[in-house]
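Participant:
2 protein chains.
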Amino acid sequence: MAVFIGTFENKVDQKGRVSVPAVFRQTLAGLSFNGIVAFRSHRADAIEGCGMDFMEQMIARVSEIDLFSETHDDLATTIFSDSQQLPFDGTGRIMLPQGFRDHAGITDRAAFVGMGQLFQIWHPDALERHKAEARDRARSQRLTIPTGGGGAR
Amino acid sequence: MAVFIGTFENKVDQKGRVSVPAVFRQTLAGLSFNGIVAFRSHRADAIEGCGMDFMEQMIARVSEIDLFSETHDDLATTIFSDSQQLPFDGTGRIMLPQGFRDHAGITDRAAFVGMGQLFQIWHPDALERHKAEARDRARSQRLTIPTGGGGAR
DNA sequence: TTGACACCCATGAAATCCCATGATATCCCA
DNA sequence: TGGGATATCATGGGATTTCATGGGTGTCAA
Numbered sequence: 001m002a003v004f005i006g007t008f009e010n011k012v013d014q015k016g017r018v019s020v021p022a023v024f025r026q027t028l029a030g031l032s033f034n035g036i037v038a039f040r041s042h043r044a045d046a047i048e049g050c051g052m053d054f055m056e057q058m059i060a061r062v063s064e065i066d067l068f069s070e071t072h073d074d075l076a077t078t079i080f081s082d083s084q085q086l087p088f089d090g091t092g093r094i095m096l097p098q099g100f101r102d103h104a105g106i107t108d109r110a111a112f113v114g115m116g117q118l119f120q121i122w123h124p125d126a127l128e129r130h131k132a133e134a135r136d137r138a139r140s141q142r143l144t145i146p147t148g149g150g151g152a153r
Numbered sequence: 001m002a003v004f005i006g007t008f009e010n011k012v013d014q015k016g017r018v019s020v021p022a023v024f025r026q027t028l029a030g031l032s033f034n035g036i037v038a039f040r041s042h043r044a045d046a047i048e049g050c051g052m053d054f055m056e057q058m059i060a061r062v063s064e065i066d067l068f069s070e071t072h073d074d075l076a077t078t079i080f081s082d083s084q085q086l087p088f089d090g091t092g093r094i095m096l097p098q099g100f101r102d103h104a105g106i107t108d109r110a111a112f113v114g115m116g117q118l119f120q121i122w123h124p125d126a127l128e129r130h131k132a133e134a135r136d137r138a139r140s141q142r143l144t145i146p147t148g149g150g151g152a153r
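Protein sequence lines, in the order shown, are assigned to chains D and C. For the first sequence, full-length UniProt numbering assigns the number 1 to the initial residue and increments by one for each residue that follows. For the second sequence, full-length UniProt numbering assigns the number 1 to the initial residue and increments by one for each residue that follows.
#1: Would you say the stretch 7-18 of chain D touches the stretch 89-98 of chain D, given that touching needs at least three Cβ pairs under 8 Å?
#2: Mind listing which residues of the stretch 75-93 of chain C have their C-beta closer than 8 Å to chain D's C-betas, in chain order?
#3: Could you compute how far the alpha carbon of residue 44 of chain D sits from the alpha carbon of residue 144 of chain C?
#4: Would you grab the beta carbon distance between residue 49 of chain D and residue 121 of chain D for me? Rounded to a whole angstrom, and I think it's under 8 Å.
#5: Give every residue of the same chain whose Cβ lies closer than 6 Å to the Cβ of residue 100 of chain C, excluding the five residues on either side of it in the sequence, and list them in chain order.
#6: Quick one, which residues of the stretch 48-66 of chain C are near chain D if we go by CB-CB under 9 Å, in chain order?
#7: Looking only at its chain, what residues have a beta carbon closer than 7 Å to the beta carbon of residue 126 of chain D, apart from the 5 residues adjacent to it on each side?
#8: Mind pulling the chain D residues with CB within less than 8 Å of residue 37 of chain C?
#9: Check for me: the beta strand (DSSP E) holding residue 4 of chain C runs from which residue to which?
#10: Three or more C-beta pairs closer than 8 Å, one from the stretch 128-135 of chain D and one from the stretch 50-63 of chain D: is that the case here?
#11: Within its chain, find whatever has a CB closer than 7 Å to the CB of residue 113 of chain C; leave out the 5 residues flanking it on each side and keep chain order.
#12: Alpha carbon to alpha carbon, how far is residue 39 of chain D from residue 73 of chain C?
#13: If you draw a straight line from the alpha carbon of residue 148 of chain C to that of residue 31 of chain C, how long is it in whole angstroms?
#14: Let's test the definition: count the other Cβ atoms within 10 Å of the Cβ of residue 4 of chain C and tell me whether it reaches 16, buried, or not, exposed.
#15: Taking the DSSP output, what are the residues bridged to residue 10 of chain C?
#16: Quick one: Cα of residue 141 of chain D to Cα of residue 76 of chain C, how far?
#17: Which residues of chain C have a Cβ atom closer than 9 Å to the Cβ of residue 138 of chain D, listed in chain order?
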């Protein structure tokens, strides 16, 4: 099972390269594509990242939605058409395309955030704000983890 | 099932390393990640610890929520972004990151407290105070543990 | 020919490995 | 059941590796 946990801030060099955190690289190791799959988040000023295995899962899930429905098309267009395969170089870095950097407002620093089965890439300051907001919402709405069974376990 | 009970105080050396109690290590043995997963407790000045199996459960449950929904993102961000994987070295020690030490006020000693399926890491003195308070509350409110039968589960 | 990009090497800081030590707990046999 | 032999454990510190980062060079295509 893919596990992305933690927050890591790395530098973006003049060529637009960033090191993907070593722990993330390890969970991505051994997949059919040696790198990450990334696309613009449509909800936030961030880049979504995952491994090729997860992308395959998403394709499978989306294909369960009625083909030719508006939802299907919108999802497919937003996510799949925008996705890019970003291969690792010899030292575990990826090239963040300019379009992605623009979308997330990333210039010389990038923050990788584990989201469980996928991760996001943010401008470090924007991420801090987002984290605080997410925490507040989670608390005020008393969000809890769904349990597998009936009640508390 | 993971079981963490008891209290153990160990030293934090100059490199920031602490031995995880051997009994805890045994219940953590054989998981997909050889180490602990830790995050700041939002209720106390302590670090929460668990095994990767626990985190995988959390991920599985969060992933039951619609992907890219606000609820999913808020939960995932809140839970996973501030967690860290802390691997064991050859002798069963972990490196306590500075941020965690700051949060818990830990300098040269750390107390590991079993909490059932999780454990906590405290500054020994803070833990003593906390234990006394918890005992008092439990006594004055006559707290009970729900049984599996009639009531909550 | 001029970017964009893949590949290569170098570097310092930080994390990890490895070995040694003493203390404690456990085992085993009388 | 006592007590010595043996293993386990926590701890310390030096050596080694990993990691993030910087820059150079070659190659391909516009």
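Glycine is no exception: its CB is placed at the ideal position from the N, C-alpha and C atoms. Computed from a predicted structure; not experimentally measured.
Facilitator: Working from what's here:
#1: Judged by Cβ distances under 8 Å, the stretch 7-18 of chain D makes contact with the stretch 89-98 of chain D, as three or more pairs qualify.
#2: Correct list: 75, 76, 77, 78, 79, 80, 81, 82, 83, 84, 85.
#3: Counting only the Cα atoms, residue 144 of chain C lies some 44 Å from residue 44 of chain D.
#4: Right, the Cβ-Cβ distance comes to about 6 Å (below 8 Å), so this counts as a contact.
#5: Within the same chain, 47 come within 6 Å of residue 100 of chain C by CB-CB distance, once the 5 residues on both sides are set aside.
#6: Those residues of the stretch 48-66 of chain C that come within reach of chain D (Cβ to Cβ, closer than 9 Å) are 52, 55, 56, 57, 58, 59, 60, 61, 62, 63, 64, 65.
#7: Sequence-distant Cβ neighbours of residue 126 of chain D in its own chain, meaning closer than 7 Å and more than five residues away, are 45, 105.
#8: Within 8 Å Cβ-Cβ: 5.
#9: No beta strand (DSSP E) holds residue 4 of chain C; DSSP gives it neither H nor E.
#10: No, because fewer than three Cβ pairs between the stretch 128-135 of chain D and the stretch 50-63 of chain D fall closer than 8 Å, the two stretches do not touch.
#11: Only 7, 119, 120, 122, 127 meet the Cβ criterion.
#12: C-alpha of residue 39 of chain D to C-alpha of residue 73 of chain C: approximately 16 Å in a straight line.
#13: The C-alpha of residue 148 of chain C lies about 27 Å from the C-alpha of residue 31 of chain C.
#14: Around the Cβ of residue 4 of chain C, a 10 Å sphere holds 16 or more other Cβ atoms; the residue is buried.
#15: BP columns for residue 10 of chain C point to C:110.
#16: If you take the alpha carbons of residue 141 of chain D and residue 76 of chain C, they lie about 15 Å apart.
#17: Going along chain C in sequence order, the residues near residue 138 of chain D (Cβ under 9 Å) are 71, 74, 75, 77, 78, 79.
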